[in-house]
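Participant: Can you read through this structure? Questions will come right after.
Number of protein chains: 2
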Amino acid sequence: MTTEEKRFQEKIKAIQDTMFVIGGKWKIPIILSIYSGNKRFNDISNSIPKITNRVLSKELKHLEENFLIIRSIVSDYPVRIEYAVTSYGLGLEEIAKPLESWGKKHKQKIKGK
Amino acid sequence: MTTEEKRFQEKIKAIQDTMFVIGGKWKIPIILSIYSGNKRFNDISNSIPKITNRVLSKELKHLEENFLIIRSIVSDYPVRIEYAVTSYGLGLEEIAKPLESWGKKHKQKIKGK
DNA sequence: GATACTTGTATCCAAAAGGATACTTAATAT
DNA sequence: ATATTAAGTATCCTTTTGGATACAAGTATC
Numbered sequence: 001m002t003t004e005e006k007r008f009q010e011k012i013k014a015i016q017d018t019m020f021v022i023g024g025k026w027k028i029p030i031i032l033s034i035y036s037g038n039k040r041f042n043d044i045s046n047s048i049p050k051i052t053n054r055v056l057s058k059e060l061k062h063l064e065e066n067f068l069i070i071r072s073i074v075s076d077y078p079v080r081i082e083y084a085v086t087s088y089g090l091g092l093e094e095i096a097k098p099l100e101s102w103g104k105k106h107k108q109k110i111k112g113k
Numbered sequence: 001m002t003t004e005e006k007r008f009q010e011k012i013k014a015i016q017d018t019m020f021v022i023g024g025k026w027k028i029p030i031i032l033s034i035y036s037g038n039k040r041f042n043d044i045s046n047s048i049p050k051i052t053n054r055v056l057s058k059e060l061k062h063l064e065e066n067f068l069i070i071r072s073i074v075s076d077y078p079v080r081i082e083y084a085v086t087s088y089g090l091g092l093e094e095i096a097k098p099l100e101s102w103g104k105k106h107k108q109k110i111k112g113k
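Sequence lines, in order, name chains Z and W.
Using full-length UniProt numbering, read the first sequence as starting at 1 and increasing by one per residue.
Using full-length UniProt numbering, read the second sequence as starting at 1 and increasing by one per residue.
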């Protein structure tokens, strides 16, 4: 395998790693929701059309395991749970932006046909 | 629903649209493979570890339907099939790059723990 | 004439992702 | 005492994605 080919394989692996962490229908929307001010489970749930509790719960766990968000218990009366995007998670902006703008462009392209 | 909320919903939809078109484990790698010089079915197949014929075939169709690649029959002896990235497809660079570099960063992060 | 290569397709199956619905547990509000 | 809210979990099910393997049609090569 040439150096060139090796470099290509690494590129592929890096992209597949990313897709594993933030791929799928919901993960980026969830992060954006939290980022845009929704801290609590039901707030996040209500801000994202069609997501179910089960899916949201699972995705929150996945995101937490990957250090993108944190879950904290606020000792207030009554106690509540709050989610926040970590500073590491903020780095996803570099991906979310392109994904959003490409999606908009593509919709135009498809409609135009 | 406030204007702010409406804007947020559109953002989500745009991202979900993008994920539909280029999400999953293989689509970006396939495009990159073609872009980096592999034009023929078996070349593409061999350049991407672990992909199977069936999956490659399906993904090529999906990508073609979304105008990202074109399939052409080269009337030579023997006739062969060649794939190429369309100029529209080249626009994906703006997504592929961030996905790659984020993946690399993330691997470091995970290893560091 | 037999064999191999190319570009797939056909079948079948397994795993992952996503969805519907009901329920829980603790706390608080009426 | 009853109802409501919050933050999920539990079960069950459907759909999507991905994988293994075999095969096919056409051409070319031995």
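Backbone N, C-alpha and C define an ideal beta-carbon position, used for all residues, glycine too.
Compare the C-beta of S45(W) with all C-beta atoms of chain Z and state if any pair is closer than 9 Å.
Facilitator: For the purposes of this step, residue 45(W) is taken as the residue at position 45 of the second sequence. Closer than 9 Å: no.
Participant: Should A14(Z) be labelled buried (16 or more other beta-carbon atoms within 10 Å of its own) or exposed?
Facilitator: Taking the first residue of the first sequence as position 1, residue 14(Z) is located at position 14. Result: buried.
Participant: Counting Cβ pairs, one atom from each stretch, are 3 or more of them under 8 Å apart for the region 5–19 of chain W and the region 54–73 of chain W?
Facilitator: The answer is no - the region 54–73 of chain W does not touch the region 5–19 of chain W, with fewer than three Cβ pairs under 8 Å.
Participant: Looking at R71(Z) and L56(Z), is the spacing between their C-beta atoms short of 9 Å?
Facilitator: One-based indexing of the first sequence puts residue 56(Z) at position 56. One-based indexing of the first sequence puts residue 71(Z) at position 71. It is not a contact, given that the beta carbons lie outside the stated cut-off.
Participant: What does Y77(Z) pair with, by DSSP beta-bridge criteria?
Facilitator: In the first sequence, counting from the first residue as 1, residue 77(Z) sits at position 77. Answer by DSSP bridge pairing: none, since Y77(Z) is not bridged.
Participant: Please list, in chain order, the chain Z residues whose beta carbon lies closer than 8 Å to that of Y88(W).
Facilitator: Here the question's residue 88(W) lines up with position 88 in the second sequence. Those within 8 Å of Y88(W) in chain Z are K109.
Participant: Which of helix, strand or coil does DSSP assign to R71(Z)?
Facilitator: Locating residue 71(Z) in the first sequence gives position 71, where the first residue counts as 1. The answer is strand: DSSP assigns R71(Z) an E or B state.
Participant: For the candidate residues A84(Z), G23(Z) and P29(Z), whose alpha-carbon lies nearest to that of K39(Z)?
Facilitator: The residue you call residue 39(Z) lines up with position 39 of the first sequence. Minimum Cα distance to K39(Z) is reached at A84(Z).
Participant: What are the residues of the region 28–45 of chain W that lie near chain Z, defined by any Cβ-Cβ distance shorter than 8 Å?
Facilitator: The residues in question are I28, P29, L32, S33 and S36.
Participant: Please state whether the Cβ-Cβ distance between E94(Z) and S101(W) is less than 9 Å.
Facilitator: The sequence position of residue 94(Z) within the first sequence is 94, counting from 1. The sequence position of residue 101(W) within the second sequence is 101, counting from 1. Yes, these two residues count as a Cβ contact at 9 Å.
Participant: Taking Cβ positions, are I73(Z) and I31(Z) nearer each other than 9 Å?
Facilitator: The count along the first sequence starts at 1 and reaches residue 73(Z) at position 73. The count along the first sequence starts at 1 and reaches residue 31(Z) at position 31. In this structure, I31(Z) does not lie closer than 9 Å to I73(Z) by Cβ.
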